[in-house]
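Take a look at the structure set out below.
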Amino acid sequence: MSKTKGTPARDRAPLPAEVARLLSLGGSRAPDAKRVSSWGSRALALVPVGVTVLVAALVFPRAVPPSEVPLPLVDARSLADVERHDGELVARAKKGLSDDTRLLGSAIRDFLSLQASPTPPTDGDVLRARDGVQRALVRARGTAPAEVELLRAIQLDIFLRAIDDYERTGVEPPELREVGGSFLKRMSDVGWVVDGKLLPSRSVRSTLFKLAWAQTAGVAGEPDFEPSLDELRELHAFYIRHPHASETRRRAIAEARKLAKDRARCDELAALERAAVEEFRLEKVKKLGALDPSYPTTFAQGVVLYRQGRFSASAEAFRDWLRTHPDGSLALRAQNHLRAAVEADARL
Numbered sequence: 292m293s294k295t296k297g298t299p300a301r302d303r304a305p306l307p308a309e310v311a312r313l314l315s316l317g318g319s320r321a322p323d324a325k326r327v328s329s330w331g332s333r334a335l336a337l338v339p340v341g342v343t344v345l346v347a348a349l350v351f352p353r354a355v356p357p358s359e360v361p362l363p364l365v366d367a368r369s370l371a372d373v374e375r376h377d378g379e380l381v382a383r384a385k386k387g388l389s390d391d392t393r394l395l396g397s398a399i400r401d402f403l404s405l406q407a408s409p410t411p412p413t414d415g416d417v418l419r420a421r422d423g424v425q426r427a428l429v430r431a432r433g434t435a436p437a438e439v440e441l442l443r444a445i446q447l448d449i450f451l452r453a454i455d456d457y458e459r460t461g462v463e464p465p466e467l468r469e470v471g472g473s474f475l476k477r478m479s480d481v482g483w484v485v486d487g488k489l490l491p492s493r494s495v496r497s498t499l500f501k502l503a504w505a506q507t508a509g510v511a512g513e514p515d516f517e518p519s520l521d522e523l524r525e526l527h528a529f530y531i532r533h534p535h536a537s538e539t540r541r542r543a544i545a546e547a548r549k550l551a552k553d554r555a556r557c558d559e560l561a562a563l564e565r566a567a568v569e570e571f572r573l574e575k576v577k578k579l580g581a582l583d584p585s586y587p588t589t590f591a592q593g594v595v596l597y598r599q600g601r602f603s604a605s606a607e608a609f610r611d612w613l614r615t616h617p618d619g620s621l622a623l624r625a626q627n628h629l630r631a632a633v634e635a636d637a638r639l
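Quick note: to get the working numbering, add 291 to the position in the sequence shown (first position is 1).
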């Protein structure tokens, strides 16, 4: 007897009651599914609206007070090259320097030690010490002119090592006063020493030393003794991040605080100090702009002027920036800051 082919018996068997009940509920959910589908359609229809709102927020200016001053772009590889070159000069200096170059080094040490003396030197002492440096420089250049740069390199190395010793021990070594003068005191006075550590990075310390050394030795402005552009960029980035009031302003405000008799006067002096700090920052922004054509000087001036509360001048700075840079990465920010400056000025 042949077997008839067809659906297997297990498939012809009735479904269990619970399964059949659950399947029957599927049809009753169809209206909900339609409602979900309808909501999804409406949501999709809102997408272009949301995109339009987002684009409008990104494109059209709104009043946004400026907060961060832009920093210059620094080439880290260039700084590494400078440090390597300085190291090569130190190695050459350690092979020996002429007597006249050594005498120049001694004259510089004498002058800087006098500067760092706890007892203020007389004007006569300062003039004699400076004259000694100048006469020693003439002799050294007459004997071995190339060694003057080697002398700076070896004294820079001593300076950096002395700072490392200070940060490790908390005690200022005599070598730091001999090649750095009152450097550590000046750093402390402006708040650049925190918990026994100096805020400037090693390369910034190096640049500060080079600038001061050139003034002391009488070679400031000579190309061989000028820091590189990237050294100056990093130095000014530090100035912008860590501004301070000038020494004259600090002294005047400190004296005024001694005479302040009420909270209103103290608040007034605090505002004057903040303005003095921003004045320092503004000065460094301008100097950086003169050094580095790629720096957004006018834009940065607008930010600092706003922080000073000079809203009209801030608005004009942002207008100047937009006249010459109507497009670009800073254009929308400049428009936003311009609007904030105009509104702030109108409230005065």
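C-beta: ideal position from N, C-alpha, C; glycine also.
* Burial state of serine 479, where buried means 16 or more other Cβ atoms lie within 10 Å -> exposed
* **Any C-beta of chain C under 7 Å from that of threonine 392** => Absent here is chain C; the protein component of the structure consists of one chain.
* For lysine 385, which of helix, strand or coil comes out of DSSP? -> coil
* **Exposure of valine 439, with buried meaning 16 or more beta-carbon neighbours within 10 Å** => buried
* Asked: Going by the C-beta, is phenylalanine 402 closer than 6 Å to any heavy atom of the ligand PLP?
  -> Among the components of this structure there are no ligands whatsoever, and the ligand PLP is therefore not found.
* Residue of Leu403, Leu582 and Arg430 minimising C-alpha distance to glycine 472 -> Leu403
* Asked: How many angstroms separate the CA atom of proline 465 from the CA atom of tyrosine 457?
  -> 10 Å
* **Sheet register partners of leucine 489 (DSSP bridge)** => Val484
* Asked: Mind checking whether leucine 441 and alanine 384 have CB atoms under 7 Å apart?
  -> yes
* Asked: Going by Cα to Cα distance, which pick from Thr434, Leu623 and Ile454 is closest to arginine 393?
  -> Thr434
* **Own chain partners of valine 633 with C-beta closer than 6 Å, once the 5 adjacent residues on each side are dropped** => Ala606
* Asked: glycine 374 by DSSP, collapsed to three states: which one?
  -> Glycine is not the amino acid found at residue 374; the sequence shown has glutamate there. Three-state DSSP puts glutamate 374 in a helix.
* Asked: Among Leu520, Tyr530 and Arg443, which one has its Cα closest to the Cα of lysine 501?
  -> Arg443
* Determine the extent of the alpha helix (DSSP H) in which valine 424 is found, giving its start and end residues. => 414-434
* **Status (buried if at least 16 other CB within 10 Å, exposed otherwise) for glycine 482** => exposed
* If we count the other Cβ atoms within 10 Å of its Cβ and call it buried at 16 or more, is glutamate 359 buried or exposed? -> exposed
* Specify, as a first and last residue, the run of the alpha helix (DSSP H) that glycine 593 falls within. => 588-598
* Element boundaries [alpha helix (DSSP H), containing leucine 639] -> Leucine 639 -> no alpha helix (DSSP H), and no H or E assigned at all.
* To do: Evaluate leucine 613 with the Cβ neighbour count: other Cβ atoms within 10 Å of its Cβ, from every protein chain shown; 16 or more gives buried, anything less gives exposed.
  => buried
* Leaving out five residues on either side along the sequence, give the residues of the same chain with a beta carbon under 6 Å from the beta carbon of phenylalanine 609. => Gly593, Ala625, His628 and Leu629
* **Spatially closest choice to aspartate 486 from Glu469, Arg532, Arg459 and Arg565, by CA coordinates** => Arg459
* Separation of alanine 637 from serine 494, as counted between CA atoms -> 44 Å
* Asked: Alpha carbon to alpha carbon, what distance is there between alanine 604 and phenylalanine 590?
  -> 12 Å
* Asked: If you draw a straight line from the alpha carbon of alanine 348 to that of aspartate 618, how long is it in whole angstroms?
  -> Reliability fails at alanine 348, whose pLDDT of 49 lies under 50, so the model's placement of it is uncertain and the value that follows must be treated cautiously. Cα to Cα, alanine 348 sits roughly 17 Å from aspartate 618.
* Please classify leucine 523: is it buried, with 16 or more other beta-carbons within 10 angstroms of its beta-carbon, or exposed? => buried
* Asked: Considering only residues of the same chain and omitting the five flanking positions on each side of valine 484, which have a CB-CB separation below 8 Å?
  -> Leu475, Met478 and Leu490
* Is DSSP giving leucine 621 helix, strand or coil here? -> coil
* In three-state DSSP terms, what is proline 363? -> coil
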